[in-house]
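S.K.: Top line first, the protein sequences correspond to chains R and Z.
Going by the numbering used here, the first sequence opens with residue 151, and the numbers climb by one from there.
Going by the numbering used here, the second sequence opens with residue 45, and the numbers climb by one from there.
Glycine residues also receive a C-beta, built at the ideal position from the N, C-alpha and C atoms.
Encoded as C-alpha cells, here's the structure I'll be asking about.
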Amino acid sequence: MSAPLLEVRDLRVGFATEGGLLQAVDGVSFEVRPGEVVAIVGESGSGKSVTAQTIIGLTRSKNARIEGSVTFEGTELLEAPDATLRKLRGDRVAMIFQDPMTSFNPVYRLGKQIAEAIRAHRPEISKGEAGERAIELFESVGIPDPKHRVDCYPHEFSGGMRQRAMIAMALALEPDLLIADEPTTALDVTIQAQIMDLLRELNERRNLATILITHDLGVVAEAADRVLVMYAGRVVEQGTLEQIFYDPQHPYTWGLMGSLSRLDRPRPKRLPQIAGAPPSLLALPEGCSFRPRCPHEFESCTDLPPLEARLTEEPGHCDRCWLSPDEKRQKRQVGGQIGLEAPAP
Amino acid sequence: MSTETLLEVADLVKHFPVKRGVLVDRTVDHVKAVDGISFSISRGQTLGLVGESGSGKSTACRAILGLTKPTSGSIRFEGSEIAGLSRRAMRPYRREMQMIFQDPYASLNPRKRVGHIVGDPLKRQRVASGSELKKRVQELLDRVGLSPEHYNRYPHEFSGGQRQRIGIARALALQPKLVICDEPVSALDVSIQAQIINLLDDLQDEFGLTYLFVAHDIGVVRHISDRIAVMNQGKIVEEGSADQVCERPVDPYTKKLLAAVPVPDPREARARRAGAASAG
C-alpha cells in the first residue's frame, strides 16, 4: 500500500459563538492515499464540510479553535502560514463545491478564469499557453466544442456543464488531492451519473486522491473506497465501503441505510424513519449524541463510546456504540434488511 | 377505492414567447415549457410527476393552480373547467387546491409568527377568526407533529423538517381536496425525508387527500405514488402504475432516468457498471 498523501489526526474545530463554544468537528482522524476515494457522509451540521474546509485552511478565523494535525506529504498544514496554504490550494489540492453557479465570477469568460488560475500559480506560462490549456481541460472533462465554449460566460452554461467547467478549473494544475463537497447535489440524476463517471475516471487514470463529501449513500456506493459516517461533529463509524454497507455497526448508519427509498426492492408500506432531529451542537446530549433518537439505548450510553475497532477480524472498522457486535448484528435486522427499529410507542 | 376523477388535465399547453426588438417586440420563437400534456387523478390517489429540471413539471403545477395562464388546453377540477379563469372566478377553487413548496426556508414569511402563517388562509377565506381560529391552528400544528406551544414562535426557530411541517399545516388549513407537493423533501436531510413522506402518507389516509407529487427523486416518487407520469421536454413520455413505470419501463427516456439513479449497494453498483461497460 502506498504512503498516505493526507493524514488527518484527531482534528477538532470549534467556533466561539454567542451561545458558547460550538464544537463543529470533534476528533476526526483518517488518511487518504493516492487514487483513493474517501467519502464523508452526514447530514447538515454533522461537521463534514467543516472538516474538509479546515484541511485547506478555509475555516481559519479569529473565533475558530482548531486543534489536532493535518499533514500533506508530511507537511503540517494546521500550523502552516497562509502563503503556504495559498500555494497548496489549487496547485496540489483543489476543491469543488456544490453550487457551480456561485463559484465562478459571472462577468469573466470561463476560459479566461481558468487561464488566470493557471497563471496565478505558474507565472512562467504565457497567456496564450494558458488559454490553450483551458481548451484542453474543457475537452478532458467532456465539454463539447471546447474551442468555442471557453469564450462563454458562466450563465451560458447549464448546471451540469458549469460543474464540468468547475472540475476543469480544479484540475488545471493537476492536483494530487481533490476535495469534492456535494459535487452532484444540485444536478439532475442523469447529469450526476456523468459527473460521477468523470470523477471515477480521473481517480483511475490520474491517480487522483479524492475526499467526497455527500449525504447521498447511493453516490457513496458508486464511488467510494472508504467511508466515514459523521453525526453531530463526531465520526460514529468508519471503515471500507463493504464494511459500512454490509456490516454496519452503528445504529445511525443502520437508520441511514433503512430510510432510503430503494428502487431495486419492493416498496415497504411505510418508509422506515429515524425519529426526532439531530441535536444542537451547543446542547449535545450527555454521552452518545445519537442516544435520544436511538431505540437501542441502554444505561452505558450516557458515557461517550470511544471510536474504536470492536470487531477482531476487521481492525480498520471503527464505531462509537457500546453494543456488542453480536447484539448489533441481531438488532439491525428489521424486516430482513438492515435498518433502525421503530421506537417503542 | 373510489375511482371518481378529481382533476383532469387535457392537452395542456404553455408556451412562453421569446421576444426580440427594441421598440416593437417581435415574437421570434416559443419556449415550449408544457407541450400538450394530459393526465387525470382519481380522488384519494397520488400521481407522481417525475422529470429533470426544465422538463416543465413546475410550469404544469403553476398552470393547474391558476398561477400562470395556459396557452391552450383544459383543466377540469371536479368536472368544472378552470383553465384561464379570472382571479375572482378562481377564488372558490383556491381553497380546494393547495401547494407545499420545496424550500421551507424561503416559503415562510420570516417576520410572521407560526400562528399567523398557518392561520392566514383561514382568515383570508373567512373560515374562522378569533379564538376559533387559534384553536383550529393549534389542532393543525398538533396534527403535523408540532406542538401547540409553537403558535407564537417565528420560522427561524425551527429546523428544516419542522418548517416543512409548518408548510404542510398551512396547506391543510382549508381542508383542500387536492394538494400539489412540489419537491417537498428534496431540501431536507435524509433522516428527516422519511418522516415527512410518512406524514404526508398518514394525512392522505386521514383526510382523503389527493396528491400531485412532483419530484426529481424517482425513489421517493415511487414510494408515495399510485401512478407515475414521466415528463421530458414538456411532454409526458410515459405513464403507468408506480411499480410498472419503475420495474418495467417502456420509454427510452424513462429507462435512462432509472438507470441513472445510483444504487445504494456497492456490489450491485459495480455489477451494473461492468454491465454498462460491456454493453457500451
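Suppose you measure from the CA of R162/R to the CA of E217/R; what does that come to, to the nearest Å?
M.R.: Translated into positions along the first sequence, residue 162/R becomes position 12. Translated into positions along the first sequence, residue 217/R becomes position 67. The alpha-carbon atoms of R162/R and E217/R are separated by roughly 5 Å.
S.K.: Measuring alpha carbon to alpha carbon, tell me which residue in S285/Z, L190/Z, H260/Z is nearest I272/Z.
M.R.: Stepping through the second sequence from its first residue, residue 272/Z is reached at position 228. Considering only alpha carbons, the answer is S285/Z.
S.K.: Hey, which unbroken runs of the alpha helix (DSSP H) at 4 residues or more fall wholly within the segment 254-292 of chain R?
M.R.: If we require 4 residues or more, the alpha helix (DSSP H) runs fully inside the segment 254-292 of chain R come out as 260-271, 277-290.
S.K.: If you measure from the beta carbon of L177/Z to each beta carbon in chain R, is any gap under 8 Å?
M.R.: As a position in the second sequence, residue 177/Z is number 133, starting the count at 1. For L177/Z, the answer is no, since every Cβ of chain R falls outside 8 Å of its Cβ.
S.K.: Along chain R, in chain order, which residues have C-beta atoms closer than 7 Å to that of I241/Z?
M.R.: Within the second sequence, numbered from 1, the residue matching residue 241/Z stands at position 197. Under the 7 Å cutoff, chain R gives L421.
S.K.: Looking only at its own chain, which residues have a Cβ that is under 7 Å from the Cβ of V377/R, when we skip the five neighbours before and after it?
M.R.: Reading the first sequence from its first residue, position 227 is the one you call residue 377/R. These residues qualify, in order along the chain: A189, V191, V370, Q388, G389, L391, I394.
S.K.: Using a Cβ cut-off of 9 Å, which residues of the segment 284-312 of chain Z contact any Cβ in chain R, in chain order?
M.R.: So the list reads A286, D287, C290, E291, K300, L301, L302, A303, A304, V305, P306, V307, P308, D309, P310, R311, E312, given in the order they occur along the chain.
S.K.: Given a threshold of 16 other Cβ atoms within 10 Å of its Cβ, counted over all protein chains shown, does R209/Z qualify as buried or as exposed?
M.R.: Locating residue 209/Z in the second sequence gives position 165, where the first residue counts as 1. Classification for R209/Z: buried.
S.K.: Take K113/Z and list the residues in its own chain whose beta-carbon comes closer than 7 Å to its own, dropping the five residues that flank it on each side.
M.R.: As a first step, residue 113/Z must be located in the second sequence, where it is residue number 69. Around K113/Z: G128.
S.K.: For Y396/R, count the other beta carbons within 10 Å of its own beta carbon; 16 or more makes it buried, fewer makes it exposed. Which is it?
M.R.: Start at 1 with the first residue of the first sequence, and residue 396/R comes out as number 246. So Y396/R ends up on the exposed side.
S.K.: In chain R, which residues lie less than 7 Å from D147/Z when you measure between Cβ atoms?
M.R.: To locate residue 147/Z, count along the second sequence from 1; it is residue 103. Residues of chain R passing the Cβ test: none, with the nearest at roughly 13 Å.
S.K.: Under the assumption that K101/Z contacts V258/Z (Cβ atoms under 8 Å), give the Cβ distance between them as a whole number of angstroms.
M.R.: Residue numbering aside, residue 101/Z sits at position 57 when the second sequence is read from its first letter. Residue numbering aside, residue 258/Z sits at position 214 when the second sequence is read from its first letter. Their Cβ separation, rounded to whole angstroms, is 5 Å, which keeps K101/Z and V258/Z in contact under 8 Å.
S.K.: Given that H267/Z touches chain R, what residues does it touch there, using C-beta distances under 7 Å?
M.R.: To locate residue 267/Z, count along the second sequence from 1; it is residue 223. Neighbours of H267/Z on chain R, chain order: S411, R417, L421.
S.K.: From E324/R to D241/R, what does the alpha carbon distance come to, in whole angstroms?
M.R.: Looking up residue 324/R in the first sequence gives position 174. Looking up residue 241/R in the first sequence gives position 91. Straight-line Cα distance between these residues: approximately 7 Å.
S.K.: Classify E201/Z: buried if its beta carbon has 16 or more other beta carbons within 10 angstroms, exposed otherwise.
M.R.: As a position in the second sequence, residue 201/Z is number 157, starting the count at 1. Its Cβ having fewer than 16 others within 10 Å, E201/Z is exposed.
S.K.: Kindly indicate the opening and closing residues of the alpha helix (DSSP H) around R314/R.
M.R.: Position 164 of the first sequence, counting from 1, holds the residue named residue 314/R. 309-321 is the span of the alpha helix (DSSP H), which, as asked, contains R314/R.
S.K.: Using only alpha-carbon positions, find the residue among R314/R, H446/R, T360/R, T340/R that is nearest to L328/R.
M.R.: Here residue 328/R refers to the residue found at position 178 of the first sequence. Comparing Cα-Cα distances from L328/R to each of R314/R, H446/R, T360/R, T340/R, the minimum goes to T360/R.
S.K.: Where in the segment 337-401 of chain R do unbroken runs of the beta strand (DSSP E), each at least 3 residues long, occur, reported from the N-terminal end onward?
M.R.: Qualifying beta strand (DSSP E) stretches, in chain order: 359-364, 376-381, 384-390.
S.K.: Taking the alpha helix (DSSP H) that N242/Z falls in, what are its first and last residues?
M.R.: Position 198 of the second sequence holds residue 242/Z. Segment 234-251, the alpha helix (DSSP H) holding N242/Z.
S.K.: Which class does A77/Z belong to by DSSP, given the choice of helix, strand or coil?
M.R.: As a position in the second sequence, residue 77/Z is number 33, starting the count at 1. Three-state DSSP puts A77/Z in a strand.
S.K.: Could you check what DSSP says for G163/Z in three-state terms: helix, strand or coil?
M.R.: Translated into positions along the second sequence, residue 163/Z becomes position 119. Looking at G163/Z - three-state DSSP - the assignment turns out to be helix.
S.K.: Distance, Cα to Cα, T364/R vs D331/R?
M.R.: Here the question's residue 364/R lines up with position 214 in the first sequence. Here the question's residue 331/R lines up with position 181 in the first sequence. Using only the alpha carbons, I get a separation of about 7 Å.
S.K.: Return the first residue and the last residue of the alpha helix (DSSP H) that A153/R is part of.
M.R.: Locating residue 153/R in the first sequence gives position 3, where the first residue counts as 1. Element bounds for A153/R: n/a, residue is neither H nor E.
S.K.: Among V257/R, N213/R, P429/R, which residue has its Cα nearest to the Cα of I236/Z?
M.R.: In the second sequence, counting from the first residue as 1, residue 236/Z sits at position 192. Residue P429/R is the option with its Cα nearest to I236/Z.
S.K.: To the nearest angstrom, how far is it from the Cα of P465/R to the Cα of Y402/R?
M.R.: As a working note, residue 465/R is residue 315 in the first sequence. As a working note, residue 402/R is residue 252 in the first sequence. Using only the alpha carbons, I get a separation of about 20 Å.
S.K.: Taking 8 Å as the threshold (beta carbon to beta carbon), is S194/R in contact with chain Z?
M.R.: Counting from one through the first sequence, the residue named residue 194/R turns up at place 44. With 8 Å as the cut-off, S194/R counts as an interface residue toward chain Z.
S.K.: Which same chain residues end up closer than 8 Å to E48/Z when comparing Cβ atoms and leaving out the 5 residues on each side of it in sequence?
M.R.: Taking the first residue of the second sequence as position 1, residue 48/Z is located at position 4. Correct list, in chain order: S86, R87.
S.K.: What did DSSP end up calling F165/R once you bin it into helix, strand or coil?
M.R.: For the purposes of this step, residue 165/R is taken as residue 15 along the first sequence, with counting starting at 1. In the structure shown, F165/R sits in a strand (DSSP, three-state: E or B).
S.K.: Checking 8 Å against the spacing of the C-beta atoms, do T204/R and V175/R come in under that value?
M.R.: Within the first sequence, numbered from 1, the residue matching residue 204/R stands at position 54. Within the first sequence, numbered from 1, the residue matching residue 175/R stands at position 25. Yes, the pair counts as a contact, with Cβ atoms nearer than the cut-off.
S.K.: Give every residue of the same chain whose Cβ lies closer than 6 Å to the Cβ of D147/Z, excluding the five residues on either side of it in the sequence, and list them in chain order.
M.R.: Here residue 147/Z corresponds to residue number 103 of the second sequence, with the count starting at 1. These residues qualify, in order along the chain: A231.
S.K.: If we ignore side chains and look at the alpha-carbon of each, how far apart do D160/R and T201/R end up?
M.R.: By 1-based counting over the first sequence, the position of residue 160/R is 10. By 1-based counting over the first sequence, the position of residue 201/R is 51. Using only the alpha carbons, I get a separation of about 11 Å.
S.K.: In this structure, how does DSSP classify Q277/Z when only helix, strand and coil are distinguished?
M.R.: Stepping through the second sequence from its first residue, residue 277/Z is reached at position 233. Note: Q277/Z maps to coil in three-state DSSP.
S.K.: Rounded C-beta distance between C302/R and L238/R? I'm assuming under 8 Å.
M.R.: In the first sequence, the residue the question calls residue 302/R occupies position 152. In the first sequence, the residue the question calls residue 238/R occupies position 88. Incorrect: roughly 30 Å between the Cβ atoms, too far for contact.
S.K.: Compute the Euclidean distance between the alpha carbons of R443/R and P435/R, then round it to the nearest angstrom.
M.R.: Numbered from its first residue, the first sequence carries residue 443/R at position 293. Numbered from its first residue, the first sequence carries residue 435/R at position 285. Cα-Cα distance, rounded: 11 Å.
S.K.: Tell whether a beta-carbon distance below 8 Å holds between L166/Z and L218/Z.
M.R.: Taking the first residue of the second sequence as position 1, residue 166/Z is located at position 122. Taking the first residue of the second sequence as position 1, residue 218/Z is located at position 174. Taking 8 Å as the Cβ cut-off, L166/Z and L218/Z qualify as a contacting pair.
S.K.: Any beta carbon from chain Z within less than 8 Å of L378/R's own beta carbon?
M.R.: Position 228 of the first sequence, counted from the start, is the residue given in the question as residue 378/R. No, no contact with chain Z.
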